[in-house]
Structure formats: C-alpha cells, structure tokens
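Notes follow the structure.
In the numbering used here, the protein residues as written are 17 to 343.
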C-alpha cells in the first residue's frame, strides 16, 4: 500500500483492508457483511463498523470516562484485520463512509486499489429506517419522522439538538439522500471498475445472485456455498419508553462490551437469558407509526430530481423501479 507516495510494508500485526462496504446504512449492509464472513477467502472482523475513515461520523461528544472501542490510530485499526490469513481479502463494513465527506479521500490515501461496495435503497424508505435507527441509538430525540425532518434548519443553526449531540450534520436527513453526490466523491478517488453499486431491490429479490456478483467483483471463488441471512422483511420498531429503552441499551452494551459497563450491568447482561430479553423488547418497543401519505408524497416529489439524476448516472430507470413516475 502507499502513504503519501511512500511505500509502506504491511505489518504482520495487521493491515489496511482490501475492500469496503461503504454504504448505505439500513440498506442490507449488515446482511452482506454476515454472508461475506462465511467465505474462506474473506476476513471481516467481529467489529463490523470501525468507522476509522469517517471521523466526522462521531455524532456525540466523546465521554472521557468511557473510552470508546473504535480505533483512533492507524495501528489500532490495522490490528482489527490481523486475523486475515495470507492470501485472504480483508474487508471493512462501515456504511457511514458513503455519507462522510472525508472517507473516500482517506481510504484512497491508504488503499488506492481498494474495492468499494455500495448498496442504494429507495430514499424515502431509507430515510424512515435511518430515523428509526437514530431514535433507537439515542442520537435522535424527536420520535416523529416528519417533525425530525422539519428540524433541519434549526439544527443547522445549532438549535433543537438532542442532548449530547454536537455534530448536527448526521441529523440532516435530506442530505443523507444525496446519493449521487456521495457516490461521485468515491468516483473522484477510485476508478469506476473498483466501485460496485447495488440496488437494494435487486439485493432483496435476488439475494444469492447478488452475493455471487459481489464475490466476482472481489475476485474470490464464487461457488462457495453462502447461507443467506436476508430476512423476509424489515421490522420498523418505534420506542414506547425512552427510559426503558436506555436501560435496554445498557443491558445490550453490558452483554457485548462488558469492559465498558459497570459491574452490576455487566452481571445483568451476562445472566439475563435471551428469552427474557426478547420479552422485555416487546414491552419497550412497538411498530413504528406510518407517516402521513401526503407527507410521503411531498417528500418523494422533493427527492425525484435526485432519483432521476442517479438513474441516468447508473444507466438504470430508478424512477420506474422506485415508483416515482407519477409524482
């Protein structure tokens, strides 16, 4: 690999990955990560989203009392991929890279030969799902999607920000839907043949063939059996109680990262059976409300020029595929 034009020797303690699932969140990237991990010629770490090349994806101010688990140095980042066998490809599954204004350039500086995988989803469905995830991760305090979207101007001015959030850019929902702008950032730094753009609808309808297409793109054996982990449909969960939701997140953190939790929560996280946690989730969460039809129609009308431009760029009739032809 190169760093500022200088040759850098790959360390046995780690490496910069060969490919990146760069986006988008809420568009099947986790399923793709899980399926690619099954391939013997591919290594992806347990830590799916290091976000090392998207420092701007830090939405909340860091808590000095709770040091994060995300790598802060190149050495720490490379160490995540130390388990890759000789000859195997290593991959990073951070879908925040597509939205980040800096990630493409930072990745290219380390791996100009990297392969980039992008999954794009119909933008209104993506934004609704992204908002739900933001509420669940306690980044977004406004649980009503239309109201959260309407707060963008105030938040750009530093007002109406959720507690602890200092980076308002990631709450600018409409900017997350500027797919073509984000894609072109990567095209400025990588040849088109190193970028694979998948459409979420194809991925859902033809999951196995889509995975084979990814394997061909990566240059690994495509006949290896891969068990699909795509679910029948996405469940959109709303939060009934923010207080109970915070407790649920603390329990999950204690189970997954006991080193970041206090002794009591770590013990609860270890001892609580999965069945009890699932029952608890039914109490805490509910089906997310469906936005008003008129609001969705107006949002789609606003996004139609973006869909048209993206379709022309990709040579695909996305207006028809995503149902924008009569808007």
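Glycine included, each C-beta is placed from N, C-alpha and C at the ideal position.
Excluding residues up to 5 positions away in sequence, 171, 172, 174 and 177 lie with their Cβ nearer than 8 Å to the Cβ of residue 184 in the same chain. With fewer than 16 other Cβ atoms from the protein chains shown falling within 10 Å of its own Cβ, residue 89 counts as exposed. Secondary structure at residue 133: strand, using DSSP grouped into helix, strand and coil. Classified as buried, residue 39 has 16 or more neighbouring CB atoms from the shown chains inside 10 Å of its CB. Taking a contact to require three or more Cβ pairs closer than 8 Å, the region 31-46 and the region 105-121 qualify as touching.
Note: residue 106 is bridge-paired with 59 in the DSSP secondary-structure output. Cβ neighbours of residue 31 within its own chain (closer than 7 Å, five residues either side excluded): 94, 97, 100 and 106.
The residue from 52, 46 and 222 with its alpha-carbon nearest to that of residue 234 is 52. Around the beta carbon of residue 45, a 10 Å sphere encloses 16 or more other beta carbons of the protein chains shown; the residue is thus reported as buried. Residue 240 and residue 56 do touch by the CB rule: their CB atoms are close to 7 Å apart, below 8 Å. Beta-bridge analysis with DSSP links residue 240 to no other residue. In this chain, residue 246 is not harboured by any beta strand (DSSP E), its DSSP state being neither H nor E. Here DSSP, grouped into helix, strand and coil, assigns residue 335 to helix. In the same chain as residue 49, and ignoring 5 residues on each side of it, the C-beta atoms closer than 7 Å to its own belong to 37, 60, 64 and 109, in chain order. Beta-bridge partners assigned by DSSP to residue 211: 132. The way I'd put it, the region 116-134 does touch the region 205-215; three or more beta-carbon pairs between them come closer than 8 Å. Going by C-alpha positions, residue 327 is about 12 Å away from residue 137.
Listed in chain order, the alpha helix (DSSP H) runs fully inside the region 134-183 are 139-152, 161-166 and 168-172, counting runs of at least 4 residues.
Of 217, 320, 329 and 151, the smallest CA-CA separation from residue 341 is found for 320.
In the DSSP assignment, residue 36 falls within the unbroken beta strand (DSSP E) covering 35-39.
Counting only residues of its own chain and dropping the five nearest sequence neighbours on each side, residue 69 has a CB closer than 7 Å to the CB of 113, 119, 122 and 123.
Contact check for residue 165 against residue 190 passes: the beta carbons are separated by less than 8 Å. For residue 126, the three-state secondary structure derived from DSSP is helix.
Straight across, the Cα-Cα distance linking residue 67 with residue 311 is about 33 Å.
Taken through DSSP and simplified to helix, strand or coil, residue 324 comes out as helix.
With 16 or more other CB atoms across the displayed protein chains lying within 10 angstroms of its CB, residue 130 is buried.
In the DSSP assignment, residue 341 falls outside any alpha helix (DSSP H), carrying neither H nor E. In this structure, the alpha-carbon of residue 35 lies about 12 Å from that of residue 126. Cα atoms of residue 149 and residue 103: separation of roughly 36 Å, rounded to the nearest angstrom.
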